[in-house]
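Since the structure comes first, as structure tokens, the remarks are kept for the end.
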Amino acid sequence: MNAREQADAHVRAMMRWHFDPATGSRYWLERRDRLGFDPVEAVRCVDDLLRFPNLVDELRDVPVEDLIPRGLDATEKVSAVYESGGTTGAPKRFLMFENWFDQYMAWENSHYTDDGQGHTLAVAPSGPHMLGEYSRRIAQARGGIRFSIDLDPRWVKRLIASGDTTGAGTYVDHLVDQAELVLRSQDIAFLITTPPLLARLAERASVRALIEEKVRLVIWTGAHMDPDTLDYLSTELFPKTRFRGSYGSTSVLSGTVQRPDPEGTGDMVFDSYAPYVFYRVVDPSSGRPVEFGSEGAVVMNYLTRYGLVPNSLERDLATRIPSPTGVGDSLRNIRPVAEVDGQKLIEGVY
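In short: position in the sequence shown from 1, add 225, done, that's the working numbering.
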């Protein structure tokens with residue numbers, strides 16, 4: 226079978242798994258009768274997943290026990306409950322299983338075998354967010370120790386929403402102060418942070434000099450990075466440092482790999498871990514895929530034995546690019562939408 230045929234077979238297997246009373250979770254078994262179609266009979270391929278409504282908002286208050294598939298045995302351990310950033314309302318909750326995290330990280334790391342070894346500094350949220358544990362695993366895979374500066378992105382968004390830009394700025398300065406202490410005293414090879422925080426780190430001359438001296442690779446994630454800003458950071462401020470993005474979402478419990486850019490075009494193209502996670506770029510009014518090369522709304526799908534999250538509409542727009550496997554779409558030059566349900570979106574620092 227080719228990659229697309231394998232993906233279609235995976236979709237059918239996941240429909241059987243999640244909607245069989247012996248293996249499915251309470252949430253999906255109870256939700257089945259209200260879908261308006263029989264997922265086992267009607268969803269036979271990747272494209273058929275478009276039949277699912279976007280149900281992700283229901284995960285704001287579902288008991289997490291209801292999300293555990295009954296077919297998992299006692300060896301499958303829950304690693305954590307992760308929450309979305311809370312940008313568009315109360316956070317949504319997702320169960321991360323240890324085996325899935327291991328599987329996903331092995332796939333991602335297999336694309337970056339030339340990173341080398343060294344210590345990592347993560348200036349990123351931990352708490353209920355996936356990025357904290359992701360940074361620990363990145364450091365572990367690179368044979369080093371992780372240093373971390375914690376932050377509460379929801380507090381920053383709350384300050385910005387209330388008009389307290391001074392308070393938000395003071396909080397971010399506090400993060401930069403702590404990062405500077407680590408960078409000054411430790412041999413940091415890898416820096417993991419969000420684009421807004423990276424920009425603030427670069428504004429301080431003493432921190433900028435330390436990054437330029439020590440950091441070999443910056444991994445940016447968790448927020449939007451436009452091509453012009455990336456070009457300025459990578460060519461003007463830190464020409465000796467490599468930059469790599471990871472785009473993902475808590476709703477699919479994973480990130481992406483960024484394609485190499487050997488021609489130096491500045492295009493940022495991201496591929497997902499299909500067929501377990503794949504994206505669609507769609508017309509937000511119709512829900513149908515846009516043409517390749519056109520911009521649309523990002524829709525994510527997560528299909529594993531550990532969970533099912535189909536047709537999750539993200540708060541981002543992207544240009545549709547053919548994926549390497551032909552399963553779903555790859556994404557270029559991602560940017561956030563300005564409003565969600567008439568409410569102005571506040572990105573903050575994450």
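Yeah, the Cβ is synthetic: ideal placement off N, Cα and C, and Gly gets one too. As the structure is a prediction and not an experimental result, all values here were calculated from the model.
Per the coordinates, the alpha-carbon of V271 lies some 30 Å from the alpha-carbon of A315. Across the set V397, R409 and G368, the C-alpha of V397 shows the shortest separation from the C-alpha of W380.
Judged by their CB atoms, S360 and T345 are nearer to each other than the 8 Å cut-off. Taking all protein chains shown into account, D298 has fewer than 16 neighbouring C-beta atoms within 10 Å of its C-beta and is therefore exposed. Setting aside the 5 residues that flank it on each side, S459 is surrounded in the same chain by F468, each with a C-beta closer than 6 Å to its C-beta; the list follows chain order. Only residues of its own chain outside the window of five on either side were considered, and among them V271, A499, P500 and V552 have a CB closer than 7 Å to the CB of A232, listed in chain order. Taken through DSSP and simplified to helix, strand or coil, T395 comes out as helix.
Under the 10 Å beta carbon count, E539 is surrounded by 16 or more other beta carbons and is classified as buried. Look at the stretch 282 to 310 and you find these whole runs of beta strand (DSSP E), each 3 residues long or longer: 303 to 308. Between the stretch 275 to 285 and the stretch 530 to 544, the count of Cβ pairs shorter than 8 Å is three or higher; the stretches touch.
Annotation for L400: V348, I374, L376 and L422 place their beta carbon closer than 7 Å to its own, counting only its chain and skipping 5 residues before and after.
Across the structure, S410 and R429 are spaced so that their CA atoms are roughly 17 Å apart. For N324, the three-state secondary structure derived from DSSP is helix.
Here I363 is actually not in contact with I413; their C-beta atoms are around 13 Å apart, not less than 8 Å. In the DSSP annotation of this structure, the continuous segment of the alpha helix (DSSP H) that includes A434 starts and ends at A430 to K439. Just so you know, the alpha carbons of L528 and G352 end up roughly 25 Å apart. Residue W253 holds the alpha-carbon nearest to the alpha-carbon of D291 among L274, T550 and W253. Rounded to whole angstroms, the Cβ separation of L478 and M321 is 5 Å, and the two are in contact under 8 Å.
Apart from the 5 residues on each side of it in sequence, T454 sits with its Cβ closer than 8 Å to the Cβ of P420 and A424 in its chain, given in chain order.
Ranked by Cα distance from I370, the options T466, D402 and I417 are led by I417. Residue environment: E461 is assigned as exposed (fewer than 16 neighbouring CB atoms within 10 Å of its CB, all protein chains considered).
DSSP places G341 outside both helix and strand once states are collapsed to three, so it counts as coil. For R469, the enclosing beta strand (DSSP E) covers residues R467 to S471. Where I417 is concerned, there is no enclosing alpha helix (DSSP H), although the beta strand (DSSP E) around it starts and stops at I413 to T418. Within the same chain, T481, F503 and Y504 come within 6 Å of S497 by CB-CB distance, once the 5 residues on both sides are set aside. Rounded to the nearest angstrom, the gap between the Cα atoms of Y531 and L442 is 32 Å. The stretch 231 to 266 contains, as complete alpha helix (DSSP H) runs of 4+ residues, the segments 251 to 256 (chain order).
Annotated three-state conformation of I546 is strand, per DSSP. Here Y457 carries a helix assignment [DSSP, helix/strand/coil]. V507 sits close to V515, with the two beta carbons spaced by under 8 Å.
For F326, same chain residues with a beta-carbon under 8 Å away, outside a window of 5 residues either side, are S304, E358, R362 and L478 in chain order. Relative to the Cα of V268, the nearest Cα in the group D258, A234 and R295 belongs to A234.
Of the residues assessed, V523 falls on the buried side of the cut-off, its CB having 16 or more other CB atoms within 10 angstroms.
Across the structure, V306 and L260 are spaced so that their CA atoms are roughly 26 Å apart. The beta carbon of E405 sits closer than 8 Å to those of R429, S431, V432 and L435, all from its chain and outside the five residues before and after it, given in chain order. Taken atom to atom, the span from the alpha-carbon of K317 to that of D541 is near 17 Å.
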